[in-house]
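The numbering of the sequence shown is this note's numbering, which starts it at 57 and goes up by one. The beta carbon of each residue, even a glycine, is placed where N, CA and C say it ideally should be. One structure is given here, and the rest of the page talks about it.
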Amino acid sequence: MRLTSLEERQREQRLVASRALVAGAVVSIGLLLLSLRLLHLQVDRHEHFSVLSMENRVKIQPVPPTRGLIYDAKGVLLADNNPTFSLEITIEKVDDLPATINALAQLLPIDANDRARFERLKRQRMRFQSVPIRLNLTPKEVARFSVNSYRFPGVDVRAELIRTYPLGAATAHVLGYVGRINEREMTQIDTSSYAGTHFIGKGGLEKAHEAVLHGKVGYQQVEVNARGRILRTLESTPPISGQDVFLSLDLGLQKAALEALGDRRGAVVAINPRDGSVLAMVSNPSFDPNLFVEGISGKDYNALLHSPDKPLFDRAARGQYPPGSTVKPFIGLGGLATGFTSAHKTVFCSGAFTLPGQSHRFRCWRKGGHGTVDLSAAITESCDVYFYSLANQMGIDRLHDFLSQFSFGSRTGIDVSGELAGLLPSREWKQRVRRQTWYPGETLIVGIGQGSFLATPLQLAVATAAIANRGHFIQPRLARASRFPGAESETLFPIISRQINVGDSHYWNQVIAAMTQVVESPRGTAKRIRSTEYRIAGKTGTSQVFTLGQKQTYNAAKTPERMRDHALFIAFAPVDDPRIAVAVLVENGGHGGSDAAPVARRVMDVYLGTKTTLPPDETTDGD
């Protein structure tokens, strides 16, 4: 028994010794591996982890630039950056958040939308970052909170610059507005250039000149603690403010155009023919762009969106209307340039035109006809039959090619976003879009600016300026120059132009003389706006909203207001030294001579510094 017991103890001792040896070996290997790993981390990877440590301690924060301002031609501020005050809560400094918000609501108006926005933003920010509970505090509200601020630890009033438009609706369609950057825009912009910036141009000049107005973002290097709180600023690169933009727009003329339109829907575009600068660009009715800057309410947006007057629609650059008889001077010029007519060639107008072998009568606006007319009389009295005949001789291909030189059917290139091209119909267009053949009768309709032919008021004004310049076509522009804040020199925006060649320079004089008779002749369709102080060259136009049947007669009194004809007028003045070219559209206005021409006369009078004196309103059955 003793022997057996001794052997067992010896066996156990050997087992313990062997296990201790194995354990020691494992521990030694583990320590060796750990030492090697520490050596690798401390020596081989030292630089890498030093950088990571620095990144955890030092952060780069963007500093957004101040957006450039916008001024009119006389230095009137059109787009400003004004401080706005918001009430913000730093959550980690507030013991009882719901009680604090309820107490604030007793002091200041805080509605359900404010609370919902606060909850949404709270989930996106750190506890040490402030979250707005109320935006756009009034001075009285700021004062009321300041007096009671001791009751609300962790709640502060903060100020930031917000875009404002002092003239509101008067410049809304021209300037556009800025708004918060949305998800779609985030995929289109250089996010590094907009770091720390929440707003971007949404339309008009604000969008077209975004690169100039935005500026360049700055950066600051800050030291933070483990929770991300800023401890101190180590170094900084200041932002570069956006450039101020100076327009050719004349605010006084802009207001005069709005007043001349009154409560009627329509558009007015006035251009300086000498350099293509836009003097006025009005779309009526309009809207207050300030509503959109920080986010328009659903109620206000729906009211604008569903208004039958479409105040959000820019009629000047996006409104596409049949130009009616306003295109007759251009088509007459085309007839002269292509040799299909001359100043002395006459056409007999019996009140209708019929294509050979057809019974369809293309009627003139004057039922009894104009009798024998030449080019001058046809433009002066707006004879449809003359231009039916001329368009038929020229054909749609020549008509299209000639009119396209005046930017009909294409964008003018103005520095406002969203411009539409209108439609200059052609054989190719109809085949491509409608899969149909072009018919001769359609050419006749194009010859009087009806049918598929569509133009914007902006296109009409630019084309009119080209006639005033005798073929010198200048791309329109609103922005004249830009300048960095505090700088002495300006950067001028380029003037882009080209020449329209009609063969004989006398053709321009013949057409201009006929347009002058539109206003000065007793038979002219715009004789009512004749001025004794300067000479006006113009052309009236009336475009149909719906097509009349062969046996139908248009009766404005029995036609619903929004189905009545549009009234148009184009003009430039003074004839011998053009300083202003104007295009006017009055939606469902009636007649160009009695409804649109007086608006143009008022605008020209204001710009040229004369007094408007018009005879009593006249009713006419023509353009």
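Under three-state DSSP, which class holds Gln573?
Looking at Gln573 - three-state DSSP - the assignment turns out to be helix.
Would you mind giving the Cβ-Cβ distance between Arg586 and Ala316, rounded to the nearest angstrom? I have them listed as a contact below 8 Å.
Not quite, the Cβ-Cβ distance comes to about 17 Å (not below 8 Å), so this is no contact.
I think Pro120 touches Pro294, with their Cβ atoms under 8 Å apart; what is that distance to the nearest whole Å?
Contact between Pro120 and Pro294 does not hold, since their C-beta atoms are separated by about 11 Å, which reaches or exceeds 8 Å.
Buried or exposed for Asn328, please, with buried defined as at least 16 other CB atoms from any protein chain shown within 10 angstroms of its CB.
Result: buried.
By the DSSP assignment, the alpha helix (DSSP H) with Pro195 in it spans what residues?
First-last of the alpha helix (DSSP H) with Pro195: 195-204.
May I have a chain-ordered list of the alpha helix (DSSP H) segments no shorter than 4 residues that lie completely inside the region 483-548?
Counting whole runs of 4 or more residues, the region 483-548 contains the alpha helix (DSSP H) stretches 483-490, 496-502, 513-524.
State the start and end residues of the unbroken alpha helix (DSSP H) segment that holds Asp440.
According to the DSSP assignment, Asp440 belongs to the alpha helix (DSSP H) that extends over 440-459.
By a C-beta neighbour count over all protein chains shown, 10 Å radius and 16 as the cutoff for buried, is Met450 buried or exposed?
Buried is the call here.
Should the region 521-533 be called in touch with the region 320-334, which here means at least 3 C-beta pairs below 8 Å?
Remark: three or more beta-carbon pairs, one from each stretch, lie closer than 8 Å, so the region 521-533 and the region 320-334 are flagged as touching.
Per DSSP, Ile218 is paired with what?
Paired residue(s): Asn138.
Throw me the rounded Cβ distance for the Val642 and Ala623 pair, which I believe falls under 8 Å.
Contact between Val642 and Ala623 is confirmed by a C-beta separation of about 4 Å, below the 8 Å threshold.
Quick one: Cα of Gly649 to Cα of Asp471, how far?
Rounded to whole angstroms, Gly649 and Asp471 show a C-alpha spacing of 31 Å.
What are the start and end residues of the beta strand (DSSP E) that includes Ser553?
It spans 553-555 - the beta strand (DSSP E) in which Ser553 sits, taken as one unbroken run.
Beta strand (DSSP E) runs contained entirely in the region 341-422, provided each spans 3 or more residues
Uninterrupted beta strand (DSSP E) stretches at least 3 residues long and entirely within the region 341-422 occur at 403-405, 408-410, 417-419, given in chain order.
Mapping the DSSP letters down to three states, classify Leu160 as helix, strand or coil.
For Leu160, the secondary structure class from DSSP, reduced to helix, strand or coil, is helix.
Straight-line gap, Val338 to Asp365 (C-alpha atoms, nearest Å)
Distance between the alpha carbons of Val338 and Asp365 is about 15 Å.
Separation of Asp246 from Asp430, as counted between CA atoms:
Taken atom to atom, the span from the alpha-carbon of Asp430 to that of Asp246 is near 60 Å.
So what does DSSP say about Leu108, is it helix, strand or coil?
For Leu108, the pLDDT reaches just 48, beneath the cut-off of 50, and the residue's location in the model is therefore unreliable, leaving the point undetermined.
In or out: Ala653 buried (at least 16 other Cβ within 10 Å) or exposed?
When all chains shown are included, Ala653 counts as buried.
Could you compute how far the alpha carbon of Asn644 sits from the alpha carbon of Glu589?
Here the alpha carbons of Glu589 and Asn644 stand approximately 31 Å from one another.
In its own chain, which residues sit with a C-beta less than 6 Å from the C-beta of Ala521, not counting the 5 before and 5 after it?
Contacts found: Ile327, Pro329, Ala637.
Grab me the residues of Thr468's own chain with a C-beta within less than 8 Å of its C-beta, minus the 5 sequence neighbours each way, in chain order.
So the list reads Glu475, Leu514, Gln515, Val518, Gln531, Pro532, once near-sequence residues are dropped.
Suppose the cutoff is 8 Å on Cβ atoms and the five residues either side in sequence are ignored; what does the same chain contact list for Gly252 look like?
Taken in chain order, the residues that qualify are Gln117, Pro118, Val119, Pro120, Val273.
Out of Leu664, Ala535, His562, Ala570, state which residue places its alpha-carbon closest to the alpha-carbon of Gln299.
Nearest of Leu664, Ala535, His562, Ala570 to Gln299, Cα basis: Ala535.
Among Arg584, Asp136, Val575, Ala81, whose alpha-carbon lies nearest the alpha-carbon of Ile592?
For the options Arg584, Asp136, Val575, Ala81, the alpha carbon positioned closest to that of Ile592 is the one of Val575.
Is it true that the region 369-381 meets the region 474-492, where meeting means three or more beta-carbon pairs spaced less than 8 Å apart?
Verdict: yes, contact present.
Pairwise C-alpha distance: Lys423 and Pro578:
Using only the alpha carbons, I get a separation of about 19 Å.
First and last residue of the uninterrupted beta strand (DSSP E) at Arg236
234-236 is the extent of the beta strand (DSSP E) around Arg236.
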